[in-house]
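Notes follow once the structure below has been shown.
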Amino acid sequence: MNKMMLGVIDATTYMESLRELTLHRSIAAVPFAGRYRLIDFVLSNMVNSGIESVAIFPKYQYRSLMDHLGSGKNWDLNRKRDGLFFFPSPDLNIPSPHLGAFQHFEQHIDYFLRSKQKYALICNSYTVCNIDYHSVLKRHIDNQCDITEVRYQGRSLEMFILETSLLLDLIANRVHTGYNSIVDVVRDSFHQLKICDYEHNGYVAIIDSIEKYFRHSLELLNPEVWQQLFVKCRPIYTKVKDEPPTKYTESAIVKNSMVANGCVIEGHVENSIIFRAVKIGKGTVVKNSVIMQKTQIGEQCELDSVIIDKDVKVENGVKIYGTERQPFVIRKGTVQGALMNQ
Amino acid sequence: MAKKKCIAMLLAGGQGSRLNSLTKQIAKPAVPFGGKYRIIDFTLSNCTNSGIDTVGVLTQYQPLLLHTYIGIGSAWDLDRKNGGVTVLPPYSEASGVKWYEGTAHAIYQNINYIEQYAPDYVLILSGDHIYKMNYAKMLDYHIEKDADVTISVIEVPWSEASRFGIMNTNEQMEIVEFEEKPTSPKNNLASMGIYIFNWSILKQYLEIDNANPNSSHDFGKDVIPLLLKEKKRLVAYPFKGYWKDVGTVKSLWEANMDLLNPESELNLFDHSWRIYSVNPNQPPQYISVDASVVNSLVNEGCIIEGSVEHSIVFQGVHIQKGAIVTDCVIMPDAIIGENVYIEKAIVPSAMEIPSGMIIRPSLFGEEIILVTKEWLEV
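The listed protein sequences correspond, in order, to chains D and X.
Just so you know, UniProt numbering puts 140 at position 140 of the first sequence, and the rest follows in order with no gaps.
Just so you know, UniProt numbering puts 318 at position 318 of the second sequence, and the rest follows in order with no gaps.
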């Protein structure tokens, strides 16, 4: 079954509710869980399920996504046969209210025509979970389904399996049928196609707002959650950074936190997610926060319920507080002075 | 193959027998170091950072892990179309199988490899040391001094000079005498085992040395003394900075602890001279509510629920509740059980220390404990 599926990642989505984190990047490239980008989860799931051909359809602000993925080497997708394909939308005016817009696929139809894989798996880029698509495909075949939708507690995870030939038909006949996306097909009942559900058991986070981003990030500190997401035999791959191990100095106090490599921790960190190469100065207290890569926090700061994007410099003595429902978000690359947020 | 100005030959076949059980199944250059590296990462990263893109790695003793680890060299950006890393184990030829008999013989056996690149200079390195060095600067010095051979030297404390190969130099840094482990040293400039040769000279003398049945085919013992005797131009290159041979359990432990010393010259956080390694691809480390981590280096994939002080913790280590770890080096995937007390010890990869165990040097009359399987069973 290994070579039977194509992986298609629809990364065209834009969500106003994630605006603060997506000013300079697509949702797929939003940093998550200390060292990953959202797309790493779906991409690793595909690779771990034996998928060797993955097509990514990006639309807005995809520079950082391309930089992250490169040749696909970190996911073992730098192949002579198949591998990673990048299909940016040539037309930003294509409406895509739903995931899996056929018009986007049509513009790169050659990929689907040339591929030999019998089945296609269409996913969004912002659903975080650890899932084996083999089992989904097996059920799809055993139950003779036309389209299988993966769901979690009744909610769609926006993951669909169907035969590549059916996908080609749907794309070709979209004007005639009025179905403009895979979601349109699944939501409609006036057709002869057999739509099946596959219930995924295991942790799921759908990142579609800042609040959800924040809540799901801190949820990772629950061992039961991260044990479901980080499974030894199905690792999540990401871009390698060659950072040294994290250094905790004499003055460091760290409790209930997830810390990536390359950090220097001199302060107090509690209930937080700390990304790669973050510096936290002496006397600083960071609680209930998400601090993204290469951010430098000075001494004697107090940060509670904040999301700090990457490359931010927080000067000495800065105090910033958000709330659980409304975390304070600090944009990428900014400098936070002690007098700014009072 | 396109011509290269300088290529490196990295001697990585050493057994490192004084590291005891750590090198039972792996060669010394593959021994884990510094929370995420293997010893050879330092030399390979130095090559990449110095702009040397062609490296022959000579292996012999227990090469499986080393070969797998090096692979095609991508971790160090040494997967190149022209050059890159080439692993060079001993091989058989029409006249029979020849093991590498000494450092010089190992290079002699690979003359064909070197000739492919027709280099002007050959840099001889060993994979046994922890240091950061810009070989490009040493090459500039070699060219400027118009030397036949340049040997990198470092000042060692006089009290320890008799443990090293000592270079006696004149004021122009020309080497006038070489003494291997002298009982009464005249100088404290120790050879670091790093040589730059003009390839024409090296090739000529490797052939002479190989034809000598009385030679042990070693650079330090045979080739360098012969070059001195023949009045070749040997120059010492004084290196300043951190350099450590991690040949014993104690020195391996010390070098790891040096990383925790804020005054140490070995800075792993310098982005302009990164030390590259094969990435283990594990999630971030998790520090629990009960944990305390102070003055330590901790790598990804660790779960810390106990107390860690002044220690180096490699990827995938699990330190369970109530455990107290002080002055230790905990190698990849080891498990420190609940309420273990462990002090001044090296715990090898994937070893499990059973709950409640107390390990401290004073109990065993040792300075540093290398925990072994047999040891745990007693």
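We put the beta carbon where it would ideally sit given N, CA and C, even for glycine.
All of these numbers come straight from a predicted model, not from anything done at the bench.
Name the DSSP bridge partner or partners of residue i?
{"i": "D/Glu163", "result": "D/Tyr119"}
{"i": "X/Asn168", "result": "X/Glu177"}
{"i": "X/Gln285", "result": "D/Val259"}
{"i": "D/Gly83", "result": "D/Ser53"}
{"i": "X/Gln236", "result": "For the record, residue 236 of chain X in the displayed sequence is Ala; it is not Gln. The partner list for X/Ala236 (beta bridge, DSSP) reads X/Ile151."}
{"i": "D/Tyr62", "result": "Note: D/Tyr62 sits in no beta bridge, so no partner."}
{"i": "D/Ile297", "result": "D/Ile280, D/Val314"}
{"i": "D/Gln336", "result": "D/Val314"}
{"i": "X/Arg274", "result": "DSSP output for X/Arg274 lists no bridge partner at all."}
{"i": "D/Arg37", "result": "D/Pro31"}
{"i": "D/Arg155", "result": "D/Tyr152"}
{"i": "D/Cys145", "result": "DSSP output for D/Cys145 lists no bridge partner at all."}
{"i": "X/Ala190", "result": "X/Ile154, X/Ile166"}
{"i": "D/Ala101", "result": "D/Ser181"}
{"i": "X/Lys98", "result": "X/Tyr91"}
So, using beta-carbon positions, are residue i and residue j closer together than 8 angstroms?
{"i": "D/Ser181", "j": "D/Phe102", "result": "yes"}
{"i": "X/Ala30", "j": "X/Leu65", "result": "yes"}
{"i": "X/Ile151", "j": "X/Leu234", "result": "yes"}
{"i": "X/Ala75", "j": "X/Val278", "result": "yes"}
{"i": "X/Leu297", "j": "X/Val317", "result": "no"}
{"i": "D/Leu170", "j": "D/His200", "result": "no"}
{"i": "D/Arg35", "j": "D/Arg215", "result": "no"}
{"i": "D/Gln296", "j": "D/Lys319", "result": "no"}
{"i": "X/Asp120", "j": "X/Arg80", "result": "no"}
{"i": "D/Ser64", "j": "D/His24", "result": "yes"}
{"i": "X/Asn299", "j": "D/Asn74", "result": "no"}
{"i": "D/Trp226", "j": "D/Leu218", "result": "no"}
{"i": "X/Lys250", "j": "X/Glu367", "result": "yes"}
{"i": "D/Ile27", "j": "D/Leu121", "result": "no"}
{"i": "D/Ile195", "j": "D/Asp146", "result": "yes"}
{"i": "X/Leu189", "j": "X/Ala255", "result": "no"}
{"i": "D/Phe57", "j": "D/Ser17", "result": "no"}
{"i": "D/Pro223", "j": "X/Leu268", "result": "no"}
{"i": "X/Trp273", "j": "X/Ile154", "result": "no"}
{"i": "X/Ala27", "j": "X/Gly14", "result": "yes"}
{"i": "X/Ile275", "j": "X/Asp77", "result": "no"}
State the CB to CB distance for the pair residue i and residue j, rounded to an integer number of angstroms; the pair is presumed to be in contact (CB under 8 angstroms).
{"i": "D/Lys287", "j": "D/Asp311", "result": "Contact flag wrong, Cβ pair sits at about 22 angstroms."}
{"i": "X/Lys321", "j": "X/Glu305", "result": "5 angstroms"}
{"i": "X/Leu125", "j": "X/Leu10", "result": "5 angstroms"}
{"i": "X/Glu309", "j": "X/Ala323", "result": "Contact flag wrong, Cβ pair sits at about 11 angstroms."}
{"i": "X/Lys145", "j": "X/Arg163", "result": "In fact, because the Cβ distance is near 28 angstroms, the residues do not count as touching under 8 angstroms."}
{"i": "D/Tyr133", "j": "D/Ile206", "result": "Going by Cβ atoms, the distance from D/Tyr133 to D/Ile206 rounds to 17 angstroms, so no, they are not a contact pair."}
{"i": "D/Tyr203", "j": "D/Leu229", "result": "6 angstroms"}
{"i": "D/Val306", "j": "D/Gly322", "result": "5 angstroms"}
{"i": "D/Gly333", "j": "D/Glu315", "result": "Not really, about 15 angstroms apart at Cβ, beyond 8 angstroms."}
Could you check where the beta strand (DSSP E) with residue i kicks off and where it finishes?
{"i": "D/Thr13", "result": "Looking at the DSSP string, D/Thr13 is not in any beta strand (DSSP E), and its letter there is neither H nor E."}
{"i": "D/His24", "result": "Here D/His24 belongs to no beta strand (DSSP E), and DSSP marks it neither H nor E."}
{"i": "X/Leu11", "result": "6 to 11"}
{"i": "X/Ile324", "result": "324 to 326"}
{"i": "D/Asn222", "result": "Where D/Asn222 is concerned, there is no enclosing beta strand (DSSP E), given that its DSSP letter is neither H nor E."}
{"i": "residue 388 of chain X", "result": "Nothing can be reported for residue 388 of chain X, as the shown portion of chain X is limited to 1 through 378."}
{"i": "D/Asp197", "result": "195 to 199"}
{"i": "X/Phe219", "result": "Unbroken run through X/Phe219: none, as it is neither H nor E."}
{"i": "D/Asp304", "result": "302 to 304"}
{"i": "D/His268", "result": "268 to 270"}
{"i": "X/Thr54", "result": "54 to 58"}
{"i": "X/Phe269", "result": "Premise fails: X/Phe269 is in no beta strand (DSSP E) and is neither H nor E."}
{"i": "D/Ile320", "result": "319 to 321"}
{"i": "X/His129", "result": "129 to 131"}
{"i": "X/Ala345", "result": "345 to 347"}
{"i": "D/Ala205", "result": "204 to 206"}
{"i": "D/Lys287", "result": "285 to 287"}
The alpha helix (DSSP H) that contains residue i, what's its start and end?
{"i": "X/Ala104", "result": "103 to 108"}
{"i": "X/Trp243", "result": "Run containing X/Trp243: none in the alpha helix (DSSP H); it sits in the beta strand (DSSP E), 243 to 245."}
{"i": "X/Tyr113", "result": "111 to 116"}
{"i": "X/Tyr205", "result": "199 to 211"}
{"i": "D/Tyr111", "result": "109 to 114"}
{"i": "residue 379 of chain X", "result": "Residue 379 of chain X lies beyond the residue range present for chain X, which begins at 1 and ends at 378; the question has no answer from this structure."}
{"i": "D/Thr177", "result": "174 to 177"}
Any heavy atom of the ligand COA closer than 7 angstroms to the beta-carbon of residue i?
{"i": "X/Ser159", "result": "Questions concerning the ligand COA fall outside what the structure shown contains, since it holds no ligand whatsoever."}
Just the chain C side, please: which residues come within less than 8 angstroms of residue i by C-beta, in chain order?
{"i": "X/Lys244", "result": "In summary, chain C is missing from the structure at hand, where the protein chains are D and X."}
What are the complete beta strand (DSSP E) segments, minimum 3 residues, inside the region 24 to 96 of chain X?
54 to 58, 84 to 88, 91 to 93
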